[in-house]
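I have placed the structure first, in the form of structure tokens, so that the comments after it can refer back to it.
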Amino acid sequence: MNISNHTSKTTPRHFLDIHETPATELRKIINLAHTMKKMDRQHLPDHLSLHGDLTVLAMIFEKPSTRTRLSFDMAMRQLGGETTILNANDMQLGRGESIADTAKILSRFVDIVMIRSNSHHDLEELARHASIPVINGLTDFSHPCQVLADIMTFEEYLGPIKGRTVSWVGDGNNMATSWIHAARQFDFTLKLACPKDLSPTGQQLEDINNSGGTIILTSDPGEAVAHSDCVVTDTWVSMGDEDEERRKKLLAPYQVNAALMKKASKNAIFMHCLPAHREEEVTTDIIDGPQSVVFDEAENRLHAQKAVLAWCLQLV
Ligand code: CP
Ligand code: NVA
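Here's what the structure looks like:
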């Protein structure tokens, strides 16, 4: 590590949210992810390889993770870098050290940081004070890395997403936010069906209003799914949600099942970021059936994360 890198005035390339990343750069990342998937991971072209240049990714987890942890860890190793995993509770952060000081310390030891945070505000604060790139590995507000992998998966199955229709059915949560951001940046129609009490609010609504008319909000799942190319749902109880019983009651009519999938286009795919709760947000016959692409979607986290890392580290 070169200390001068960390005191230089160049602005680090953070990946915090899809709507904050220019559409041309997002397209570059997705195309790279498609290319990365086809490449022999042992023989990356020199410009995409970190071998011989001890580059370290720190991953901070304030919430549990299987896919995000594995995909970033393997992505970094396959690029030729290394990783260190920090559980927030084992850091001084958990005892009240400020995020600003933590950002400055991280910037002196490692080259890039991914954080899964309880609070989007904390993510932004970390990015503001870090002189190295910061990646959003999920917050209470958004999950942009997952939606990049989802767009990659959509395109593998159905071709370019531009001009197509994606339907979100269920909770207006952090995944819904990143789909909202993606609709404008990738120029597709997004139809969201959420119960009124769990519909997008605040900043999410503003982002919908800024989307240029490509997003339709309804409380009717059948209306949202009609003639759609892709039906997406997520857990009814996200990490940090405390009102489990209320949510399950409100969301029961939003289950993705065979009757609902029939309303989508004949070739529609089903996506879920996982972890899934069979017979709650989705029935077993759908998630384990022929329209489901959930395990490709999970694998694509690896390729998308490799592309995000390469972009943040300015290899592309
Ligand atoms: N989809 C997703 O982010 O999974 P993890 O919570 O396991 O990381
Ligand atoms: N909405 C879910 C996504 C998990 C990957 C959560 O925040 O728990």
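The sequence shown stops at residue 337 when you use this note's numbering, and every number in between is there.
No residue lacks a Cβ here, since even glycine has one placed at the ideal position from N, Cα and C.
This structure is a prediction, so every number in the text was calculated from the model and none was measured.
C-alpha distance - K287 paired with T42, whole-angstrom precision: Their backbone Cα atoms lie some 33 Å apart in a straight line.
Within the segment 84-108, ranges of the beta strand (DSSP E) (whole runs, at least 3 residues): The segment 84-108 is shown to contain whole beta strand (DSSP E) runs of 3 or more residues at 103-108, in chain order.
Three-way DSSP call (helix, strand, coil) for S199 in this model: When secondary structure is reduced to three states using DSSP, S199 falls in the helix class.
Exposure label - G117; buried when at least 16 CB within 10 Å: Around the beta carbon of G117, fewer than 16 other beta carbons lie within 10 angstroms, which makes this residue exposed.
For T198 and V337, the rounded distance between their alpha carbons: If you take the alpha carbons of V337 and T198, they lie about 27 Å apart.
Inter-residue Cα distance where the pair is R48 and F207: So the two alpha carbons sit approximately 8 Å from each other.
Nearest neighbour of S86, chosen from N230, T105, L144, L159 [CA to CA]: For S86, the nearest C-alpha among the options comes from L159.
Classification of F162 by the beta-carbon crowding that lies within 10 angstroms, buried from 16 upward: In summary, F162 is buried, with 16 or more beta-carbon neighbours lying within 10 Å of its beta-carbon over all protein chains present.
C-beta atoms of M196 and Q167 nearer than 8 Å: Yes.
D309 to C251 span [Cα, whole Å]: Going from the Cα of D309 to the Cα of C251 covers about 16 Å.
Cβ-based burial, L300 [other Cβ within 10 Å; buried from 16]: Note that residue 300 is Glu in the sequence shown here, rather than Leu. Result: exposed.
Beta-carbon proximity list for M57, same chain, < 7 Å, skipping 5 on both sides: Listed in chain order, the non-local C-beta contacts of M57 below 7 Å within the same chain comprise H324, K327, A328, local neighbours out to five positions each way being set aside.
Under 8 Å between C-beta atoms of L53 and A331: Yes. Within cutoff.
Nearest candidate by alpha-carbon position, reference I156, set I229, T304, D38: Nearest C-alpha to I156: D38.
Contact the segment 95-107 vs the segment 69-81: 3+ CB pairs below 8 Å: The segment 95-107, when compared against the segment 69-81, does touch it at the 8 Å Cβ threshold.
Euclidean distance between Cα positions of N321 and D264: If you take the alpha carbons of N321 and D264, they lie about 32 Å apart.
Beta-carbon proximity of L334 to P154, cut-off 8 Å: In this structure, P154 lies closer than 8 Å to L334 by Cβ.
Spatial distance of I182 from E176 (CA atoms): Rounded to the nearest angstrom, the gap between the Cα atoms of I182 and E176 is 6 Å.
Residue of I81, T174, I136, K212 minimising C-alpha distance to G191: That would be K212, whose Cα lies nearest to the Cα of G191.
Beta-carbon proximity list for L295, same chain, < 7 Å, skipping 5 on both sides: So the qualifying residues of the chain are R88, V315, A319.
Closest by C-alpha distance to E244, when choosing among T186, I307, D317, A297: The shortest Cα separation from E244 among T186, I307, D317, A297 belongs to T186.
Selection from P242, G261, S313, I236 that minimises the alpha carbon distance to A280: A280 has its Cα closest to that of P242, out of P242, G261, S313, I236.
Residues near E237 in its chain [Cβ-Cβ closer than 8 Å; skip 5 each side]: In the sequence as displayed, the identity of residue 237 is Ile instead of Glu. Non-local C-beta neighbours of I237 in its own chain, meaning closer than 8 Å and more than five positions away in sequence, comprise T210, L211, K212, L213, A245, ordered along the chain.
Proximal residues to S25 (C-beta, below 7 Å), its chain only, five neighbours per side dropped: At S25, the pLDDT of 43 sits below 50, so the modelled position is not reliable and the matter cannot be decided from this model.
Three-state secondary structure (DSSP) of K287: Residue state, collapsed to three classes: coil.
Residues near V303 in its chain [Cβ-Cβ closer than 8 Å; skip 5 each side]: For V303, the CB contacts under 8 Å within the same chain, skipping 5 residues up- and downstream, are T254, Q276, V277, N278, F291, H293, A297 in chain order.
Beta bridge counterpart(s) of F36 as assigned by DSSP: According to the DSSP secondary-structure assignment, F36 is paired through a beta bridge with I156.
Contact belief for A109 with F82 at Cβ below 8 Å, rounded distance in angstroms: At roughly 6 Å, the Cβ-Cβ gap stays under 8 Å, so A109 and F82 are in contact.
Simplified DSSP state of K424, which is helix, strand or coil: With the chain covering only 22 through 337, there is no way to say anything about residue 424.
Which of helix, strand or coil DSSP assigns to T42: T42 falls in the coil class under three-state DSSP.
Alpha-carbon to alpha-carbon, H55 and D111: Going by the C-alpha atoms only, they are around 36 Å apart.
Among C215, L179, P311, M173, nearest to I50 - alpha-carbon criterion: Scanning C215, L179, P311, M173 for the CA closest to the CA of I50 turns up M173.
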